[in-house]
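The structure under discussion appears below in the form of structure tokens.
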DNA sequence: TGACTTAGTGTCTATACGACACTATTATAG
DNA sequence: CTATAATAGTGTCGTATAGACACTAAGTCA
């Protein structure tokens, strides 16, 4: 039993570039394939789109199935349609990128993710298909977007220090920022709000914890405010 | 004789939002459908992707077939995958936007474009499918992009006056700009180069014609220059 | 209690942006 | 041929913003 169409159709897939951040690096979630083609090689999580689900739904479903990650920030990136990008047959893939903070979501704890793992962006294995290219486009987009929209907060835990926030920008933009200027700018925007707590278990003076102020962010966004860092 | 697959597949289409500019308005190219669904209604040019062509190729092919426009600036926009966006069956569409100068490309002169026409963005007919939404996303993108990347030159003839260029920005950004500040900024960027000619057949002092300097633009782009207007 | 580590803070200078108005040139109408 | 109308083309100044720059405060740990 199959499905028959008058004209040949490309298969339609989704792939997701999941970025995470630890103390050191920007990381990417990859899964190890256990089927041909590219058996054993690392690849982006993803899979075929079902006829009764939206593209976003397909991306979220595949993420849960393959990595255990759910309820994370997800945005459509670009659609890749080179004719020979899959050796089996014509497959067009809608690529997404996702941001997740490593503290909140433990991949190893998820059920069916034996072969999912984080890799630092600076030291990636060879990837299947054109996933290297997709990843580069995603990183490019993340860099471009973070400069004028504070999406980076998705990479941090709920409460964070300004040092962590600065580190995030430094890792994504790949350059050092001046501490005083950075704090001036971020605090002037009023999109982070001081909490009454400070960080714990650090071997030096503890820093104040801040929280992302989504309410103010939404208001400023409606006013066309420029969040450039 | 048909094509049979194990799982049901969404159909894959491309649609193109073609922007053009005249002395007054930003315009959009639409075609009048002559088949159900939405028979007789206006829609974006587009059609189904063939298995042996890339997405870009499909978009260009449909543009030529339906509007006669060829060799124009084209960029992928977003992929729309709502489940019920086509009443016949599941169709996912990769949307593109294109920029074209109205002087160089006469639509009426093209062969098979009896039912293609320009409409001012401010006075559009009701559109088929979710094309209204696609168009809004495209306009949003154009506005966002033109502010920090000089793609707008595609909307102008080869040689243009600074007045025309300013008009272009005013129409796209939907606000008035100061003539002196605008000229200062554009000339400082050195992405337009003075020609030795001036415009003709105008009932007042003729303005100098300029040309877009792609070479300098490419060099500045590589240096990460910010083209914000 | 001293040494180490990071938190947290302010000033000054250079540059960029935006507000603002007049003269120059050409075509055309009377 | 002269007046009028229309747009071309040009510079200054005040203000806001960005970036360079260095020290004190607080807490941990040996």
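Protein chains in written order, with this note's numbering: chain A, 1 to 229; chain B, 230 to 458. Note that CB positions come from ideal geometry on N, CA and C, so glycine has one too.
| Would residue 228 of chain A pass as a contact of residue 169 of chain A if the rule is Cβ separation under 7 Å? | no
| task | Determine the DSSP secondary structure at residue 4 of chain A, reduced to helix, strand or coil. | result | strand
| Which one of A:128, A:120, A:129 has the shortest CA to CA distance from residue 139 of chain A? | A:120
| Under 7 Å between C-beta atoms, does residue 3 of chain A make it to chain B? | yes
| said: Please give the ranges of any alpha helix (DSSP H) in the segment 120-189 of chain A, keeping only runs that are unbroken, at least 4 residues long and fully inside the region. | reply: 131-146, 162-173, 179-189
| task | With DSSP as the reference, label residue 293 of chain B as helix, strand or coil. | result | helix
| task | Within its chain, find whatever has a CB closer than 8 Å to the CB of residue 321 of chain B; leave out the 5 residues flanking it on each side and keep chain order. | result | 239, 240, 241, 242, 308, 309, 310
| query | According to the neighbour-count rule (16 or more other Cβ atoms, all chains shown, within 10 Å of its Cβ), is residue 204 of chain A buried or exposed? | reply | exposed
| query | Can you list the residues of chain B that residue 78 of chain A reaches, using a CB-CB cut of under 8 Å? | reply | 305
| Segment limits, alpha helix (DSSP H) that includes residue 283 of chain B | Here residue 283 of chain B belongs to no alpha helix (DSSP H), and DSSP marks it neither H nor E.
| task | State the DSSP-derived secondary structure class of residue 331 of chain B, mapped to helix, strand or coil. | result | coil
| message | Is the separation between the beta-carbon of residue 94 of chain A and that of residue 44 of chain A shorter than 7 Å? | response | no
| request: Please compile the residues from chain B whose C-beta is within a distance smaller than 9 Å of the C-beta of residue 52 of chain A. | output: 237, 312, 319
| message | Tell me which residue opens and which closes the alpha helix (DSSP H) that residue 200 of chain A is part of. | response | No alpha helix (DSSP H) holds residue 200 of chain A; DSSP gives it neither H nor E.
| said: For chain A, check one thing: does any of its Cβ atoms lie closer than 7 Å to the Cβ of residue 323 of chain B? | reply: yes
| Range covered by the beta strand (DSSP E) that runs through residue 208 of chain A | 208-212
| task | With a 10 Å radius around its C-beta and 16 neighbouring C-beta atoms as the bar for buried, classify residue 178 of chain A as buried or exposed. | result | exposed
| field | Inter-residue Cα distance where the pair is residue 422 of chain B and residue 414 of chain B | value | 13 Å
| said: On the DSSP bridge list, what partners appear for residue 309 of chain B? | reply: B:322
| Per DSSP, cross-strand counterpart(s) of residue 422 of chain B | B:440
| request: Please name the residue or residues paired with residue 59 of chain A in a DSSP beta bridge. | output: Answer by DSSP bridge pairing: none, since residue 59 of chain A is not bridged.
| said: Residues of chain B with CB closer than 7 Å to the CB of residue 11 of chain A, please, in chain order. | reply: 238
| said: Check for me: the beta strand (DSSP E) holding residue 249 of chain B runs from which residue to which? | reply: 240-250
| What three-state label does DSSP hand residue 220 of chain A in the structure shown? | helix
| request: Answer with buried or exposed for residue 7 of chain A, where buried requires no fewer than 16 other C-beta atoms within 10 angstroms of its C-beta. | output: exposed
| query | If we count the other Cβ atoms within 10 Å of its Cβ and call it buried at 16 or more, is residue 417 of chain B buried or exposed? | reply | exposed
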